[in-house]
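Chains as they are written, first to last, in this note's numbering: chain D, -13 to 96; chain Y, -8 to 105.
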């Protein structure tokens, strides 16, 4: 299964866009990129997923590079409630497993 | 409605007890999952059920026994657990277990083994 690499942490100011990077250089042609977040002690929350085109929903935008080796999750106007651990996951070809990596801790400051 | 309901929210059990965790969804999803999450670690996949059949067992010890009695319910039976099994147990479901289907998680059961 393709592995993902994320920085351990980042912060951003409330009201500004938060751009969370993810590297997945070994991704295969039919594997999707998923983003989840987990606010302390709660279950992971689905955010968005995509294959190769950019995707947008009410929560965020997902930008996938043309070679698909990296992606960026964009929270357009971060709020304090967006402080969480964000997981970038490549859903693997082997049994479609959703395997979590270490994630990135986003801290939104007032 | 993307709700996955887990009960109980908290559970304390002794090492000789038998207990069960319950997970329920009414979204018509045919894939259901159990994950285990230790403090400050990412969730780890334990089991996957697809169309009520066990399709993935990630080499989980036999003291954890999953059961899928119908398409809406998923149980995790616990017996002779160890203190190191204390963790947050998360259930999830998705339409199917395929590459292009998002999974929705419950809020988890926080298990403490004493």
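Think of the CB as a built atom: it goes at the ideal place given N, C-alpha and C, for glycine as much as any other residue.
Interface residues of chain Y around residue i at Cβ under 7 angstroms?
i: residue 85 of chain D; result: 36
i: residue 35 of chain D; result: 93
i: residue 77 of chain D; result: 90
Using a C-beta to C-beta distance shorter than 9 angstroms, which residues of chain Y count as neighbours of residue i?
i: residue 9 of chain D; result: What residue 9 of chain D touches in chain Y: nothing, since even the nearest Cβ is about 17 angstroms away.
i: residue 17 of chain D; result: 90
Cα separation between residue i and residue j?
i: residue -1 of chain D; j: residue 90 of chain D; result: 16 angstroms
i: residue 5 of chain D; j: residue 44 of chain D; result: 16 angstroms
i: residue 36 of chain Y; j: residue 72 of chain Y; result: 18 angstroms
i: residue 47 of chain Y; j: residue 61 of chain D; result: 34 angstroms
i: residue 8 of chain D; j: residue 31 of chain D; result: 18 angstroms
i: residue -3 of chain Y; j: residue 67 of chain Y; result: 11 angstroms
i: residue -5 of chain Y; j: residue 18 of chain D; result: 23 angstroms
i: residue 67 of chain D; j: residue 36 of chain D; result: 24 angstroms
i: residue 94 of chain D; j: residue 7 of chain Y; result: 44 angstroms
i: residue 41 of chain D; j: residue 74 of chain D; result: 15 angstroms
i: residue 110 of chain Y; j: residue -5 of chain D; result: This structure gives no information on residue 110 of chain Y, because the portion of chain Y shown stretches from -8 to 105.
i: residue 32 of chain Y; j: residue 27 of chain D; result: 11 angstroms
i: residue 76 of chain D; j: residue -12 of chain D; result: 6 angstroms
i: residue 111 of chain D; j: residue 17 of chain Y; result: The structure shown does not extend to residue 111 of chain D, since chain D is modelled only from -13 through 96, so no value can be given for it.
i: residue 45 of chain Y; j: residue -1 of chain Y; result: 23 angstroms
i: residue 105 of chain Y; j: residue 50 of chain D; result: 46 angstroms
i: residue 15 of chain D; j: residue 3 of chain D; result: 30 angstroms
i: residue 103 of chain Y; j: residue 96 of chain D; result: 35 angstroms
i: residue 69 of chain Y; j: residue 63 of chain D; result: 43 angstroms
At a CB-CB cut-off below 7 angstroms, which residues of chain D make contact with residue i?
i: residue 95 of chain Y; result: 32
i: residue 33 of chain Y; result: 73, 86, 87, 88, 89
i: residue 98 of chain Y; result: 28, 29
Do residue j and residue i have their beta-carbon atoms positioned less than 9 angstroms apart in this structure?
i: residue 25 of chain Y; j: residue 81 of chain Y; result: yes
i: residue 99 of chain Y; j: residue 29 of chain D; result: yes
i: residue 78 of chain Y; j: residue 27 of chain Y; result: yes
i: residue 69 of chain D; j: residue 92 of chain D; result: yes
i: residue 76 of chain Y; j: residue 54 of chain Y; result: yes
i: residue 11 of chain D; j: residue 56 of chain D; result: yes
i: residue 87 of chain D; j: residue -9 of chain D; result: yes
i: residue 59 of chain Y; j: residue 4 of chain Y; result: no
i: residue 108 of chain D; j: residue 34 of chain D; result: Outside the shown range of chain D (-13 to 96) lies residue 108 of chain D, about which nothing can therefore be said.
i: residue 96 of chain Y; j: residue 22 of chain D; result: yes
i: residue 42 of chain Y; j: residue 62 of chain Y; result: yes
i: residue 39 of chain Y; j: residue 91 of chain Y; result: no
So which residues of chain D does residue i contact, with C-beta pairs closer than 8 angstroms?
i: residue 81 of chain Y; result: 29, 30
i: residue 46 of chain Y; result: 81
Is residue i close to chain C, meaning its C-beta is less than 9 angstroms from at least one C-beta of that chain?
i: residue 22 of chain D; result: Of the chains in the structure shown, none is chain C; the protein chains are D and Y.
Every unbroken beta strand (DSSP E) within the region 5 to 73 of chain D, with a cutoff of 3 residues, ordered by chain
Within the region 5 to 73 of chain D, the complete beta strand (DSSP E) runs of at least 3 residues are 19 to 24, 31 to 36, 47 to 50, 56 to 61.
For the 8 angstroms Cβ check, are there 3 or more pairs between the region 0 to 14 of chain Y and the region 46 to 61 of chain D?
Flag = no, the region 0 to 14 of chain Y and the region 46 to 61 of chain D do not touch.
Minimum length 3: unbroken beta strand (DSSP E) runs contained in the region 21 to 62 of chain Y
22 to 28, 35 to 41, 44 to 48, 55 to 61
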